[in-house]
Amino acid sequence: MDEATAKRKDAHLDLCATGDVEPAQNTTLLECVRLVHCAMPEMAVEEVDLSTEFLGKKLRHPLLITGMTGGTERAGVVNRDMALLAERHGLAFGVGSQRAMAENPQAGESFQVRQVAPTVPLLGNIGLYQAVGLGVDGVRRLADAIGADGMALHLNAGQELTQPEGDRDFRGGYKVVEGLVRAFGSRLLVKETGCGIGPEVARRLVELGVRNLDVSGLGGTSWVRVEQLRATGVQAQVGAEFSSWGIPTGAAIATVRRAVGPDARLVASGGLRTGLDVAKVLALGADVAGMALPLFRAQQQGGLAGAEQALATILASLRQALVLTGSRNCAELRQRPRIIVGELKDWLAAL
0 MDEATAKRKD AHLDLCATGD VEPAQNTTLL ECVRLVHCAM PEMAVEEVDL
50 STEFLGKKLR HPLLITGMTG GTERAGVVNR DMALLAERHG LAFGVGSQRA
100 MAENPQAGES FQVRQVAPTV PLLGNIGLYQ AVGLGVDGVR RLADAIGADG
150 MALHLNAGQE LTQPEGDRDF RGGYKVVEGL VRAFGSRLLV KETGCGIGPE
200 VARRLVELGV RNLDVSGLGG TSWVRVEQLR ATGVQAQVGA EFSSWGIPTG
250 AAIATVRRAV GPDARLVASG GLRTGLDVAK VLALGADVAG MALPLFRAQQ
300 QGGLAGAEQA LATILASLRQ ALVLTGSRNC AELRQRPRII VGELKDWLAA
350 L
């Protein structure tokens with residue numbers, strides 16, 4: 000099992016580096032968000048303060064490099080480069096699923112990033128239905144083994160149903176969440192993996208005590224598409240049909256914030272590619288924005304220096320968006336006027 004998991008992780012990296020994992024028809028619906036220009040912002044760029052808190056630590060920028068990989072030597076290089084990037088720029092960082100580490104402790108080295116990122120808010124990661132088998136103590140051991148500040152519990156029913164070796168039984172999930180809330184408290188983050196969390200599920204999770212949610216909506220890497228590209232026969236055909244399944248990121252973050260109010264820290268991820276995308280999700284209610292693919296692809300093409308350049312562009316764009324809306328910080332940005340048009344307006348009305 001551990002060898003099969005490792006091979007699957009490297010196959011995922013290959014597909015995400017070069018494959019068609021973002022179906023053209025998918026959209027975050029962030030193109031339907033218009034931030035309103037302020038012709039006289041009365042501020043300097045250096046006055047912009049992007050700092051925020053996450054997992055009890057201060058971020059210099061409201062960004063989380065979301066969990067991508069782990070379990071192989073190649074994955075370890077990616078994790079260390081991304082963690083070092085986060086350390087240098089005051090971001091949060093999450094490792095990919097630690098399932099490989101749970102199956103084979105020798106794979107744990109690929110998740111060890113504290114030596115290059117001693118101060119970043121670090122998230123461990125395990126799937127909901129792997130957590131069933133591990134139990135609360137097993138999940139806690141995974142977090143402790145990498146010195147994590149918190150644990151991400153990922154929900155990926157769409158991916159699992161398309162994955163040839165994936166799970167098919169999704170019962171008992173809320174019971175698992177209850178146990179992990181008792182164990183981790185405010186250190187637990189529940190996240191989707193590209194199909195989105197809607198307001199009904201978010202409300203129930205918050206009622207159970209979850210204080211951190213990553214809506215991870217439709218519009219970026221489709222893990223259903225990734226598994227479709229690995230599958231054959233009926234599973235590949237059905238995967239193709241569902242590779243555009245989900246709640247777009249713009250709709251997910253806006254409706255979840257409306258549903259839970261100020262009672263949760265919200266991460267918006269799923270298809271964010273630019274600093275302007277980040278500004279838009281912050282305006283819609285996110286506390287932190289998450290991204291992975293643009294930084295991963297930059298790292299694959301140009302190493303750590305390539306990822307540094309990509310991140311510099313994203314952060315410069317984010318600062319410019321705040322200045323051009325007359326916002327000195329993210330809280331002010333959320334209070335600025337914004338226009339919602341098109342399909343996103345329909346989603347917000349329906350949900």
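Start counting the sequence shown at 0; every next residue gets the next number (numbering that gives the first Met the number 0).
C-beta: ideal position from N, C-alpha, C; glycine also.
Give the DSSP bridge partners of residue i, in chain order.
i	result
residue 188	151 and 211
residue 66	In DSSP, residue 66 forms no bridge with anything.
Please report the straight-line C-alpha distance between residue i and residue j, rounded to a whole angstrom.
i	j	result
residue 292	residue 349	30 Å
residue 128	residue 325	45 Å
residue 86	residue 232	44 Å
residue 311	residue 47	15 Å
residue 289	residue 269	7 Å
residue 243	residue 64	23 Å
residue 329	residue 337	14 Å
residue 188	residue 61	16 Å
residue 417	residue 210	Nothing can be reported for residue 417: it is not among the residues displayed for the chain, which extend from 0 to 350.
For the beta strand (DSSP E) holding residue i, just list the boundary residues, first then last.
i	result
residue 264	264-267
residue 122	121-126
Do residue i and residue j have their CB atoms nearer than 9 Å?
i	j	result
residue 179	residue 135	yes
residue 71	residue 43	no
residue 274	residue 314	yes
residue 145	residue 110	yes
residue 22	residue 215	no
residue 54	residue 208	no
Pick helix, strand or coil for residue i, following the three-state DSSP scheme.
i	result
residue 228	helix
residue 78	helix
residue 286	coil
residue 53	strand
residue 32	strand
residue 92	strand
residue 345	helix
residue 58	strand
residue 313	helix
residue 217	strand
residue 48	strand
Can you tell me where the alpha helix (DSSP H) holding residue i begins and where it ends?
i	result
residue 39	Residue 39 -> no alpha helix (DSSP H), and no H or E assigned at all.
residue 249	248-259
residue 337	Unbroken run through residue 337 is the beta strand (DSSP E), 337-339; no alpha helix (DSSP H).
residue 327	Per DSSP, residue 327 belongs to no alpha helix (DSSP H) and is neither H nor E.
residue 102	98-102
residue 182	172-183
residue 161	156-161
residue 206	198-206
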